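Numbering (UniProt numbering), first residue to last: 1 to 189.
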């Protein structure tokens with residue numbers, strides 16, 4: 001964990017500086033190994049460091065958008081079977097989101113994890129706004145899957161858990177859509 005002063009202005013500045021530096025550095029040196037290392041950083045304890053830096057940043061900021069990209073991939077990577085099933089159910093009701101995210105018609109759990117990784121990779125190697133839009137569509141499909149899993153489920157605890165996921169994915173989808181528009185207008189910092 002990183003030590004912080006607790007000063008909100010200083011923490012916000014650090015969050016913005018690190019997100020901009022990371023994104024710009026990797027985009028200027030599109031070496032596949034650098035991109036792979038930046039993506040894999042969060043697979044270990046690096047996610048905690050990113051959380052400390054970026055998790056409290058507004059969704060309409062660069063560190064907030066970067067945090068949501070990493071968090072979305074992390075959620076899928078941590079429970080690939082459940083994520084794959086949820087995504088597959090979401091594809092049944094949101095084929096537009098599926099197409100924007102870039103998914104096949106019946107992805108396996110591994111393919112869903114690969115898709116989340118590819119979307120994050122696109123933030124560093126392609127059009128950042130497109131990566132944000134793909135991630136938003138991915139989250140929307142996941143929300144649709146959660147909605148489908150709620151219907152007909154009689155277990156109150158599972159329904160409550162799925163509602164929490166649904167609300168989270170819906171929120172992330174809306175936030176990333178907004179972030180993409182802000183990036184395009186030069187206002188995502």
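We put the CB at the ideal spot given by N, CA and C, even for glycine.
Owing to the predicted nature of the structure, the values given are computational and were not obtained by experimental measurement.
Tell me the residue span of the alpha helix (DSSP H) that contains residue i.
i           : result
residue 156 : 156-184
residue 123 : 109-125
residue 79  : Residue 79 -> no alpha helix (DSSP H), and no H or E assigned at all.
residue 8   : 8-28
residue 132 : 128-150
residue 50  : 46-54
residue 104 : Neither: residue 104 is in no alpha helix (DSSP H) and is coded neither H nor E.
residue 36  : 32-41
Buried or exposed: residue i, going by 16 or more other Cβ atoms within 10 Å of its Cβ?
i           : result
residue 103 : buried
residue 63  : buried
residue 167 : exposed
residue 96  : exposed
residue 187 : exposed
residue 144 : buried
residue 48  : exposed
residue 90  : buried
residue 13  : exposed
residue 57  : buried
residue 160 : exposed
residue 84  : buried
residue 10  : exposed
Contact check, residue i vs residue j under 8 Å by CB: the rounded distance?
i           : j           : result
residue 119 : residue 135 : 5 Å
residue 139 : residue 173 : 4 Å
residue 22  : residue 65  : Residue 22 to residue 65, Cβ: 12 Å. No contact.
residue 37  : residue 124 : Going by Cβ atoms, the distance from residue 37 to residue 124 rounds to 11 Å, so no, they are not a contact pair.
residue 18  : residue 69  : Actually they are not in contact, since the Cβ atoms of residue 18 and residue 69 sit about 14 Å apart, beyond 8 Å.
So is residue i in contact with chain D if we call contact Cβ pairs under 7 Å?
i          : result
residue 24 : The structure shown contains no chain D, having only a single protein chain.
Exercise. Kindly confirm or deny that the stretch 42-62 and the stretch 71-88 touch, where touching means at least three C-beta pairs closer than 8 Å.
Key: Touching, yes.
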